[in-house]
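Residues in the sequence shown are numbered from 811 upward in steps of one, following our numbering. Note that CB positions come from ideal geometry on N, CA and C, so glycine has one too. Since this is a predicted model, take the numbers as computed values, not measurements. All remarks here apply to the structure that follows.
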Amino acid sequence: MTKTAYTCFSTDVIHEGHLNIIKEGKKYGRLIVGVLSDKAKVRSDRFPVIPFEERFEMIKNIDGVDEVVEQKNVLYDEVINSIKPDYVVHGNNWNEYPDSIIKDNVIKNLSKYGGELVEVPYTYNAKVLKINSIMREKLAMPEYRRKRLRQLLNLCPIVKVIEAHSGISGLIAEKTIVERNGELDQFDAMWVSSLCDSTAKGKPDIELVDISSRMRTLDDILDVTTKPVILDGDTGGQAEHFAYNVRTLERMGISAVIIEDKIGLKRNSLFGTEVEQTQDSIESFCNKIKAGKEALRTEEFMVIARIESLILEQGMEDALKRAFAYVEAGADGIMIHSRRKTPDEVFEFCDKFRQKEKQTPIVVVPTSYSQVTENELVQHGINIVIYANHLTRSAFPAMKNTAVEILKNHRAYEVENNIMPFNEIIKLIDEL
Ligand code: SPV
Ligand code: MG
811 MTKTAYTCFS
821 TDVIHEGHLN
831 IIKEGKKYGR
841 LIVGVLSDKA
851 KVRSDRFPVI
861 PFEERFEMIK
871 NIDGVDEVVE
881 QKNVLYDEVI
891 NSIKPDYVVH
901 GNNWNEYPDS
911 IIKDNVIKNL
921 SKYGGELVEV
931 PYTYNAKVLK
941 INSIMREKLA
951 MPEYRRKRLR
961 QLLNLCPIVK
971 VIEAHSGISG
981 LIAEKTIVER
991 NGELDQFDAM
1001 WVSSLCDSTA
1011 KGKPDIELVD
1021 ISSRMRTLDD
1031 ILDVTTKPVI
1041 LDGDTGGQAE
1051 HFAYNVRTLE
1061 RMGISAVIIE
1071 DKIGLKRNSL
1081 FGTEVEQTQD
1091 SIESFCNKIK
1101 AGKEALRTEE
1111 FMVIARIESL
1121 ILEQGMEDAL
1131 KRAFAYVEAG
1141 ADGIMIHSRR
1151 KTPDEVFEFC
1161 DKFRQKEKQT
1171 PIVVVPTSYS
1181 QVTENELVQH
1191 GINIVIYANH
1201 LTRSAFPAMK
1211 NTAVEILKNH
1221 RAYEVENNIM
1231 PFNEIIKLID
1241 EL
């Protein structure tokens, strides 16, 4: 009886390395190739430059491929269980974490019925490396990056966003990938927070760090990452200025700006009513949203309206009234903010909003109610969760502690075990 061999590709482009795997796999019998679904690819790998259907067609047309199937999870349990291939064929470039998780999973599944793993030496040559780097760079280009937030909203139950305030924090957001309970996971996008951008510059979060400086930070992050970026646009400033800035952000490849319905000297929302803060009128804020939307040249960029009614204790009715008005004015999403210790008021808002409005994405920032889980957020119709300041809040205490210890000990030896070795740091940084 003809034996079957199985291999899975998550690639956007076929190069000689893949053809070699196909050639080798074919030697073992009938070759079935799995194509990793878009949903699985965004959790375990880079965002697909080419959608699943096109990748499927591309692989179907390669000589030597007998059958193509969709592989829905990066781990092989389901696919091995349904195909029971005699052989799984894979490049030998999966020995390092997190890829080693996938290798172990394949070995475990094959051992259940005596299937065999065939490892093919991975083709590392200048041409293959160049193709890989071109595909990565494509993702960083404005026309690919900008639309990705909308694409992610269609692919993910909830889009997970982490704060970044510099090139290096952007790289952490970009490259951190973990395995938990047999699933690989990573962040989908970055939030360039006004609080953290100001903090990094040692300034208060009062719109003192101006838009040119904010764009410089954005540029640093865009320069070294590929994931989509949401900008915290503070109040958006004057409607006339907001329109110009939106156009610039859109051209840079930013995916969304979130503006909050406050006027006057902006203070951070986490102060709530402890400091003086003034909410904008519905009419004036709607005009700002409209000015931003009218300035856009693509259907991709999102202007998201942030409601401060709960922060300023104006009540649920006010928050909801504003939400519907902002959607009517053209907002592409609603962010509801709260500084309560529990998510109750946010959930009440979302449930009531969703009764009437099914489509418009909802964004939340669970800083004060951090015990809430992503699953709970999904159950209340929330589409984007922003971990708004957590890299900043973890980095600065660590730096302060190091400064204290060096001063106390009159040398750096005592801090050695708490700081990242330089060869680890440089692993994060890509060279051209
Ligand atoms: C920020 O991160 O700057 C925000 C969110 O605007 S918050 O700090 O919670 O107001
Ligand atoms: Mg802010």
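Spatial neighbours of residue i within its chain, please: C-beta separation below 7 Å, excluding the five flanking residues on both sides.
| i | result |
| --- | --- |
| methionine 945 | Asp822, Val823 and Val859 |
| asparagine 803 | The structure shown does not extend to residue 803, since the chain is modelled only from 811 through 1242, so no value can be given for it. |
| glutamate 989 | Pro908 and Ile911 |
| aspartate 1015 | Ser1004, Leu1005, Ser1008 and Asn1078 |
| tyrosine 932 | Gly827, Gly901, Asn902 and Asn903 |
| proline 861 | Asp848 |
| isoleucine 1021 | Asn1055 |
If you run the structure through DSSP and keep just helix, strand and coil, what is residue i?
| i | result |
| --- | --- |
| histidine 825 | coil |
| phenylalanine 1232 | helix |
| cysteine 1096 | helix |
| cysteine 1006 | helix |
| glutamate 1109 | coil |
| threonine 814 | strand |
| glycine 1012 | coil |
| glutamine 1169 | coil |
| isoleucine 972 | strand |
| aspartate 900 | Per the sequence presented here, residue 900 reads as histidine, with aspartate not at that position. Strand. |
| alanine 1208 | helix |
| valine 1175 | coil |
Which residue comes first and which comes last in the alpha helix (DSSP H) that contains residue i?
| i | result |
| --- | --- |
| leucine 927 | Leucine 927 -> not in any alpha helix (DSSP H); beta strand (DSSP E) instead, spanning 926-930. |
| alanine 950 | 936-950 |
| tyrosine 1054 | 1049-1062 |
| aspartate 848 | 848-854 |
| isoleucine 1030 | Looking at the sequence shown, residue 1030 is not isoleucine but aspartate. Residues 1021-1034. |
| alanine 1129 | 1126-1138 |
| glutamine 1189 | 1184-1189 |
| glutamine 961 | 958-965 |
| valine 889 | 887-893 |
Does the separation of the CB atoms of residue i and residue j fall below 7 Å?
| i | j | result |
| --- | --- | --- |
| arginine 1149 | serine 1178 | yes |
| cysteine 1006 | histidine 1051 | no |
| valine 1175 | histidine 1147 | yes |
| leucine 963 | proline 1038 | no |
| glycine 1074 | isoleucine 1121 | no |
| valine 969 | aspartate 998 | yes |
| aspartate 1071 | glutamine 1087 | no |
| asparagine 919 | isoleucine 890 | yes |
| isoleucine 1040 | alanine 1066 | yes |
| glutamate 1017 | lysine 1076 | yes |
Pick from the options: whose alpha carbon is nearest that of residue i?
| i | options | result |
| --- | --- | --- |
| glutamine 1165 | Ile1192, Gln1181, Pro1153 and Pro1176 | Ile1192 |
| valine 843 | Pro895, Asp887 and Phe857 | Pro895 |
| glycine 797 | Lys851, Val898 and Leu1018 | Outside the displayed range of the chain (811 to 1242) lies residue 797, so it cannot be described from this structure. |
| valine 875 | Tyr1054, Asn830 and Ile1194 | Asn830 |
| methionine 811 | Ser892, Arg840 and Leu1187 | Arg840 |
| isoleucine 1194 | Met1000, Ile1216 and Lys836 | Met1000 |
| phenylalanine 1134 | Asp887, Gly1046 and Ile1114 | Ile1114 |
| lysine 957 | Val1156, Met1145 and Thr1108 | Thr1108 |
| glycine 1046 | Ile1172, Glu863 and Arg1024 | Arg1024 |
| proline 1207 | His1190, Val1156 and Asn1228 | Asn1228 |
What is the residue span of the beta strand (DSSP E) that residue i lies within?
| i | result |
| --- | --- |
| isoleucine 978 | Counting along the chain, isoleucine 978 falls outside any beta strand (DSSP E), though it belongs to the alpha helix (DSSP H) covering 977-985. |
Give every residue of the same chain whose Cβ lies closer than 8 Å to the Cβ of residue i, excluding the five residues on either side of it in the sequence, and list them in chain order.
| i | result |
| --- | --- |
| glycine 1125 | Ser1119 |
| leucine 1238 | Ile978, Leu981, Ile982 and Lys985 |
Excluding the 5 residues preceding and the 5 following residue i in the sequence, name in chain order all residues of the same chain whose CB lies nearer than 6 Å to its CB.
| i | result |
| --- | --- |
| alanine 1049 | Asn1097, Lys1098 and Ala1101 |
| leucine 939 | none |
| histidine 825 | Val938 and Ile941 |
| valine 1085 | Arg1077 |
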